[in-house]
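Asks:
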Amino acid sequence: GEDVEQSLFLSVREGDSSVINCTYTDSSSTYLYWYKQEPGAGLQLLTYIFSNMDMKQDQRLTVLLNKKDKHLSLRIADTQTGDSAIYFCAGGGKLIFGQGTELSVKP
Amino acid sequence: GAVVSQHPSRVICKSGTSVKIECRSLDFQATTMFWYRQFPKQSLMLMATSNEGSKATYEQGVEKDKFLINHASLTLSTLTVTSAHPEDSSFYICSARFPQGAVEAFFGQGTRLTVV
Chain A
42 GEDVEQSLFL SVREGDSSVI NCTYTDSSST YLYWYKQEPG AGLQLLTYIF SNMDMKQDQR
102 LTVLLNKKDK HLSLRIADTQ TGDSAIYFCA GGGKLIFGQG TELSVKP
Chain B
814 GAVVSQHPSR VICKSGTSVK IECRSLDFQA TTMFWYRQFP KQSLMLMATS NEGSKATYEQ
874 GVEKDKFLIN HASLTLSTLT VTSAHPEDSS FYICSARFPQ GAVEAFFGQG TRLTVV
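For the protein sequence lines, the chains are A and B, in the order given.
Numbering-wise, our numbering puts 58 at position 17 of the first sequence, and it's gapless, one number per residue.
Numbering-wise, our numbering puts 833 at position 20 of the second sequence, and it's gapless, one number per residue.
1) Taking a Cβ distance cut-off of 7 Å, strictly less, list which residues of the stretch 874-887 of chain B are near chain A, in chain order.
2) Among residues of its own chain, excluding the 5 on either side of B:ALA909, which ones have a beta-carbon nearer than 6 Å to its beta-carbon?
3) Would the beta-carbon of B:ALA897 be found less than 6 Å away from any heavy atom of the ligand NAD?
4) Suppose you measure from the CA of B:CYS836 to the CA of B:CYS907; what does that come to, to the nearest Å?
5) What are the start and end residues of the beta strand (DSSP E) that includes A:GLN85?
6) Anything in the stretch 128-141 of chain A with a Cβ closer than 9 Å to a Cβ of chain B? List those residues in chain order, please.
7) Less than 7 Å between the C-beta atoms of A:THR64 and A:TRP75, yes or no?
8) Could you tell me the alpha carbon to alpha carbon distance between A:SER114 and B:GLY923, rounded to whole angstroms?
9) If you run the structure through DSSP and keep just helix, strand and coil, what is A:THR120?
10) Quick one: what does DSSP say A:ASP95 is sitting in, helix, strand or coil?
11) What runs of the beta strand (DSSP E), each 3 residues or longer, lie entirely inside the stretch 824-880 of chain B?
12) Grouping DSSP H, G and I as helix and E and B as strand, with all else coil, what is A:GLU79?
13) How about A:ARG84: is its C-beta nearer than 7 Å to some C-beta of chain B?
14) Rounded to whole angstroms, how far is the Cβ of B:THR891 from the Cβ of B:LYS879, which I believe are closer than 8 Å?
15) Spell out whether any CB of chain A is found under 7 Å from the CB atom of B:LEU839.
16) Considering only residues of the same chain and omitting the five flanking positions on each side of B:ASN883, which have a CB-CB separation below 6 Å?
17) Which of the three DSSP states, helix, strand or coil, is assigned to A:GLU143?
18) Between A:LYS77 and A:TYR128, which are expected to be in contact by the criterion C-beta below 8 Å, what is the C-beta distance as a whole number of angstroms?
19) Taking the alpha carbon of B:TYR849 as the reference point, which residue from B:GLU872, B:LEU889, B:VAL832, B:VAL824 has its own alpha carbon closest?
20) Name the chain A residues whose beta carbon is nearer than 8 Å to that of B:THR862?
21) Looking at C-alpha atoms only, which residue of A:GLU143, A:ASN93, A:GLY139 is the closest neighbour of A:THR122?
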């Protein structure tokens, strides 16, 4: 079946860039998504990329898509303490989620 | 943006009772809604796809008699956890999309169910 994999933890210092990686198996996904979840809360859509694009930039966020390797990444520039959360990549018709990457930003 | 409202946000119930969770799309019609379950520190696991006016499609391993889903209108889907047990304690999240071809899925705030 469809599968989405992510690294579980990432720790960075405030002001640095963060890069969160994701691999997926369902190559039929039209869109691939990045969601943010803060403790005890629902999911917030951060950004998405259409499957025929290689890159999408949205303010501090840059999404890179390598379709050949089925690899998706999210780069957060100038990471702030408020960016600390769990980040999920998701894709596929049924919107299958990765395990989530817990981003910890240290002052 | 579009809003999906989920109610209640928290519920505590006794073992053996049933609990109903509502998911409403407030400003759009959703022919399809999705129900997810999330354990602490884990990902969202898709439980079922709720289709307006027809039976829900359950993912493998999800007991359809345990988790009853009803999608009675284009703006409301309900998930009923029947005869709840402590192992059913979890965070349940619903999601709705605009009809065919929509990009974005909108998520409810989630329901924290605790069975004691």
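By construction, the Cβ of each residue, glycine as well, lies at the ideal position given by its N, Cα and C atoms.
Computed from a prediction, not measured in an experiment: that's the story for all the values here.
Replies: Working from what's here:
1) Taking 7 Å as the Cβ-Cβ cut-off against chain A, none of the residues of the stretch 874-887 of chain B qualify.
2) VAL817, SER838, ALA843, MET846, PHE919
3) Absence of the ligand NAD is noted for the structure shown, with no ligands found whatsoever.
4) 6 Å
5) 84-91
6) PHE129, ALA131, LYS135, LEU136, ILE137, PHE138, GLY139, GLN140, GLY141
7) Not a contact, by the Cβ cut-off of 7 Å.
8) 26 Å
9) If DSSP states are grouped into helix, strand and coil, A:THR120 belongs with coil.
10) If DSSP states are grouped into helix, strand and coil, A:ASP95 belongs with coil.
11) 832-838, 845-851, 857-864
12) coil
13) The question names Arg, but residue 84 of chain A in the sequence shown is Leu. Output row for A:LEU84: interface = yes.
14) Actually they are not in contact, since the Cβ atoms of B:THR891 and B:LYS879 sit about 14 Å apart, beyond 8 Å.
15) With a threshold of 7 Å between beta carbons, B:LEU839 makes no contact with chain A.
16) When the five nearest sequence neighbours on each side are left out, the beta carbons in the same chain lying within less than 6 Å of the beta carbon of B:ASN883 are those of THR891, in order along the chain.
17) strand
18) 6 Å
19) From the listed residues B:GLU872, B:LEU889, B:VAL832, B:VAL824, the smallest Cα separation to B:TYR849 is found for B:GLU872.
20) LYS135
21) The residue among A:GLU143, A:ASN93, A:GLY139 with its C-alpha nearest the C-alpha of A:THR122 is A:GLU143.
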